[in-house]
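Encoded as structure tokens, the structure appears first; notes follow it.
Protein chains in written order, with the working numbering: chain B, 21 to 416; chain V, 27 to 198.
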């Protein structure tokens, strides 16, 4: 490995610091502290043990009575879902993904690890985040959300952190949740800023937008998992490279006529057209990857849509005309393989409708969606596209 | 550099023996991460507590030093810090003002170490893992639970901040 002067100095100084330290005597190891840190674990273990003992006692009593007649099993459906296992986040171990390994197997009904809204309640890693929430987005335990009081927050766990500053447009988080970007009104002009979503939330710096005139206002269109940020206004389509060289360039020069209109787990949603009037409802939208040199590489063709989410293997969408009007929910979601080799329709359980802005691919072949009843009851479903099936998720 | 724990050493020892032998190395790592003795002692001790809690896993691990390192670094990164530190704008050209290092001692004469202590925690962790432990980007990514690309970008920002702190405007 080649090091420059600064790196050589770093190596030397870190070694010098470590070598010259006066090491204090090791403190007496406080075993009692370890025992007291996780009261929930022994409590749960004790509860589990009690259940086992109870089962054994019942089994013993039952089998030990020769005159006892076993009742016939009650009629009913054979259970197909595994016992839900809620993730148990710890300070050192990320929660386990609650999806099923087998594509054709039963669909888990466990709460998702990803940030999810149920009504006005926000859950992150299975834990409820304080407050009432209108919006949330993110992945794993990294999220952004809007509270009922219109303030925006972010987090890398269930503890919310305030996003300071005046924002006229919502912030955007990258598909994997690692980065966020937003446009802040600083009084004398707009500033495009970003940060990672780890503890410490290290900032990207900012891009001064005070010279930009745009109607509608400039908004962040996408943040990639590489930390590239796409911002769109009525006369500009910039991509910012805060983790590469901090510079911005105009995508209209590197990808003329192409407009980035959103992002998904599988890449950016792009369509041809004018900057201020292009969306996914018409034309020939497609999925693309953005390279640091500003090249848009086509990954797959997309159907026209109001809302679309693409995962590694499948995409799900609602067709144009679904959003708006008085409709608050959709009766079905269209799904198709990215390579076009298969397609289907997802329907929620009876009495439920999909909230059209509330679905995402939890894994390659599992989709989680917010659902609602006509009476306003909120729920969640987990669906698989092939064979198509959705089940209600057990809520906390 | 003394390894935090070798597999042979772990297998041959009880936890108490391991803790006694690993303490100096753990403390050195903890000091480089935290930048002061009080926090280093807390961090090293918390790490040992967690190692004790997972002793059967540590003792049986293929690479126990990797396991212990992960505990140490993640304990450091998960320590709550003042809210003002979060989401601060910290580009390469907006690094924090240098803080006057403590008087006395060889550290006082060092060029970069005072600025390493001022780096945000994740950047500092990457610097220590890369230039003290000489880990590869993949190994650092494994330790931090992130992608190699994130390690690369974090290291880039850390070095840029250090150069800015030194008043050196050169690119890498």
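Just so it is clear, CB atoms sit at the ideal spot from N, CA and C, and this is done for glycine as well.
Neighbourhood of residue i by C-beta, 8 Å cutoff - its chain only, sequence neighbours within 5 removed
{"i": "residue 148 of chain B", "result": "141, 142, 178, 416"}
{"i": "residue 363 of chain B", "result": "354, 355, 356, 357"}
{"i": "residue 187 of chain B", "result": "172, 202, 203, 204, 205"}
Residue-level contact to chain V via CB, residue i, 8 Å cutoff
{"i": "residue 37 of chain B", "result": "yes"}
{"i": "residue 206 of chain B", "result": "no"}
{"i": "residue 147 of chain B", "result": "no"}
{"i": "residue 166 of chain B", "result": "no"}
{"i": "residue 65 of chain B", "result": "Low local confidence applies: a pLDDT of 36 at residue 65 of chain B is under 50, so the model's placement there is unreliable, with the coordinate-based value given in what follows. With 8 Å as the cut-off, residue 65 of chain B does not count as an interface residue toward chain V."}
{"i": "residue 30 of chain B", "result": "yes"}
{"i": "residue 193 of chain B", "result": "no"}
{"i": "residue 198 of chain B", "result": "yes"}
{"i": "residue 43 of chain B", "result": "yes"}
{"i": "residue 47 of chain B", "result": "yes"}
{"i": "residue 26 of chain B", "result": "yes"}
{"i": "residue 295 of chain B", "result": "no"}
{"i": "residue 107 of chain B", "result": "Low confidence applies to residue 107 of chain B: its pLDDT is 30, below 50, so where it sits in the model is not reliable enough to give any reading."}
{"i": "residue 288 of chain B", "result": "no"}
Cβ shell of residue i (< 7 Å), same chain only, five flanking positions each side left out
{"i": "residue 216 of chain B", "result": "198, 199, 222"}
{"i": "residue 272 of chain B", "result": "257"}
{"i": "residue 150 of chain V", "result": "59, 142"}
{"i": "residue 170 of chain B", "result": "none"}
Cα-Cα separation between residue i and residue j, rounded to whole angstroms
{"i": "residue 193 of chain B", "j": "residue 157 of chain B", "result": "7 Å"}
{"i": "residue 413 of chain B", "j": "residue 361 of chain B", "result": "29 Å"}
{"i": "residue 18 of chain B", "j": "residue 236 of chain B", "result": "The structure shown has nothing for residue 18 of chain B, since chain B only spans 21 to 416."}
{"i": "residue 173 of chain B", "j": "residue 220 of chain B", "result": "15 Å"}
{"i": "residue 24 of chain B", "j": "residue 50 of chain V", "result": "30 Å"}
{"i": "residue 185 of chain B", "j": "residue 229 of chain B", "result": "15 Å"}
{"i": "residue 52 of chain V", "j": "residue 166 of chain B", "result": "42 Å"}
{"i": "residue 251 of chain B", "j": "residue 244 of chain B", "result": "12 Å"}
{"i": "residue 325 of chain B", "j": "residue 127 of chain B", "result": "27 Å"}
{"i": "residue 166 of chain V", "j": "residue 387 of chain B", "result": "32 Å"}
{"i": "residue 405 of chain B", "j": "residue 369 of chain B", "result": "14 Å"}
{"i": "residue 138 of chain V", "j": "residue 184 of chain V", "result": "12 Å"}
{"i": "residue 93 of chain V", "j": "residue 87 of chain V", "result": "8 Å"}
{"i": "residue 48 of chain V", "j": "residue 84 of chain V", "result": "13 Å"}
{"i": "residue 74 of chain V", "j": "residue 45 of chain V", "result": "7 Å"}
{"i": "residue 159 of chain B", "j": "residue 322 of chain B", "result": "23 Å"}
{"i": "residue 304 of chain B", "j": "residue 275 of chain B", "result": "16 Å"}
{"i": "residue 153 of chain V", "j": "residue 371 of chain B", "result": "55 Å"}
{"i": "residue 327 of chain B", "j": "residue 102 of chain V", "result": "41 Å"}
{"i": "residue 28 of chain B", "j": "residue 35 of chain B", "result": "11 Å"}
Sequence-distant residues of the same chain with beta carbon closer than 6 Å to residue i, five excluded per side
{"i": "residue 175 of chain B", "result": "163, 181"}
{"i": "residue 353 of chain B", "result": "336, 366, 374"}
{"i": "residue 161 of chain V", "result": "155"}
{"i": "residue 263 of chain B", "result": "247"}
{"i": "residue 296 of chain B", "result": "254"}
{"i": "residue 320 of chain B", "result": "307, 358"}
Minimum Cβ-Cβ distance from residue i to chain B less than 8 Å
{"i": "residue 50 of chain V", "result": "yes"}
{"i": "residue 139 of chain V", "result": "yes"}
{"i": "residue 91 of chain V", "result": "no"}
{"i": "residue 67 of chain V", "result": "yes"}
{"i": "residue 64 of chain V", "result": "no"}
{"i": "residue 153 of chain V", "result": "yes"}
{"i": "residue 174 of chain V", "result": "no"}
{"i": "residue 161 of chain V", "result": "no"}
{"i": "residue 113 of chain V", "result": "Low local confidence applies: a pLDDT of 35 at residue 113 of chain V is under 50, so the model's placement there is unreliable, with the coordinate-based value given in what follows. Residue 113 of chain V counts as touching chain B."}
{"i": "residue 46 of chain V", "result": "yes"}
{"i": "residue 183 of chain V", "result": "yes"}
{"i": "residue 148 of chain V", "result": "yes"}
{"i": "residue 59 of chain V", "result": "no"}
{"i": "residue 189 of chain V", "result": "yes"}
{"i": "residue 179 of chain V", "result": "yes"}
Bridge partners - residue i, DSSP secondary structure assignment
{"i": "residue 380 of chain B", "result": "B:388"}
{"i": "residue 258 of chain B", "result": "B:251, B:270"}
{"i": "residue 162 of chain B", "result": "B:159"}
{"i": "residue 405 of chain B", "result": "B:408"}
{"i": "residue 239 of chain B", "result": "B:252"}
{"i": "residue 394 of chain B", "result": "Answer by DSSP bridge pairing: none, since residue 394 of chain B is not bridged."}
{"i": "residue 337 of chain B", "result": "B:328, B:354"}
Distance cut-off 7 Å: residue i Cβ against heavy atoms of the ligand PLP
{"i": "residue 308 of chain B", "result": "The ligand PLP is absent from the structure shown, which contains no ligands of any kind."}
Could you please tell me which residues of the region 231-263 of chain B, in chain order, have their CB closer than 7 Å to any CB of chain V? Cβ contacts with chain V come from 246, 247, 263.
Between the region 217-228 of chain B and chain V, which residues of the former have CB atoms less than 7 Å from a CB of the latter, in chain order? 218, 219, 220, 221, 222, 223, 224, 225, 226
Residues in the region 304-326 of chain B with C-beta within 7 Å of chain V's C-beta atoms, listed in sequence order? none
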